[in-house]
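**Q** This is the structure I have questions about; it appears just below.
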Amino acid sequence: MSKMKLCRAEYRVIAKFTEQLRPTRQCMKMLKERFPNHSQSTLLSIFSLEYQKRMKRSLVKHHSDVIEDYYQRYRSEASKHPSDPVLLELANEPFSFFPSFFLLLGGCAPTLSIATAS
Numbered sequence: 003m004s005k006m007k008l009c010r011a012e013y014r015v016i017a018k019f020t021e022q023l024r025p026t027r028q029c030m031k032m033l034k035e036r037f038p039n040h041s042q043s044t045l046l047s048i049f050s051l052e053y054q055k056r057m058k059r060s061l062v063k064h065h066s067d068v069i070e071d072y073y074q075r076y077r078s079e080a081s082k083h084p085s086d087p088v089l090l091e092l093a094n095e096p097f098s099f100f101p102s103f104f105l106l107l108g109g110c111a112p113t114l115s116i117a118t119a120s
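Mapping of the sequence shown onto the working numbering: residues 3 to 120, in sequence order.
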């Protein structure tokens, strides 16, 4: 695929489209279908940058009480159901963060066990 220069107007159209997307495996497929003239790496970069901007803007809404609530919910659910994907479930709530972002909130870094194949 030849390199194609992305103009500001095109960037804005793609960025606007990404506002409705959640970070799932399907979102890249949707982006590629909607903007087939742009490479997947370009679309991924735009999506990532725009998602980071959204997270920064919304972080104000997640003050310490909310962060503590997320952390306590994680601990409670993880102890009740250790094999469930608790971080993913929290991250899939209507307004939430990437699962890895939960580990950064408020300096909370719970220990996660990761099953490995033998």
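Cβ atoms here follow ideal geometry from the backbone N, Cα and C, with glycine treated the same way.
Note that the coordinates shown come from a computational prediction; the quantities given were computed from them, not determined experimentally.
For the candidate residues 59, 37, 49 and 73, whose alpha-carbon lies nearest to that of residue 26?
**A** Here the closest residue by C-alpha is 49.
**Q** Can you tell me whether residue 112 is helix, strand or coil according to DSSP?
**A** Only weak support is given to the placement of residue 112: the predicted model assigns it a pLDDT of 45, under 50, and the value that follows is read from those uncertain coordinates. Coil, per DSSP.
**Q** What residue range is occupied by the uninterrupted alpha helix (DSSP H) comprising residue 36?
**A** Start and end: 27-36.
**Q** Report, in whole angstroms, the separation of the C-beta atoms of residue 79 and residue 88, which I expect to be a contact under 8 Å.
**A** 4 Å between Cβ atoms; contact.
**Q** Once DSSP output is grouped into helix, strand and coil, what is the label at residue 42?
**A** Helix.
**Q** Please work out which residues of its chain come closer than 8 Å, Cβ to Cβ, to residue 30, disregarding the five sequence neighbours upstream and downstream, and give them in chain order.
**A** Hits under 8 Å: 42, 45, 46 and 49.
**Q** Among 10, 7, 76 and 21, whose alpha-carbon lies nearest the alpha-carbon of residue 53?
**A** If we check each option's Cα against that of residue 53, 21 comes out closest.
**Q** In this structure, does DSSP put residue 8 in helix, strand or coil?
**A** Note: residue 8 maps to coil in three-state DSSP.
**Q** In the DSSP assignment, find the unbroken alpha helix (DSSP H) run with residue 91 in it and report its ends.
**A** First-last of the alpha helix (DSSP H) with residue 91: 88-93.
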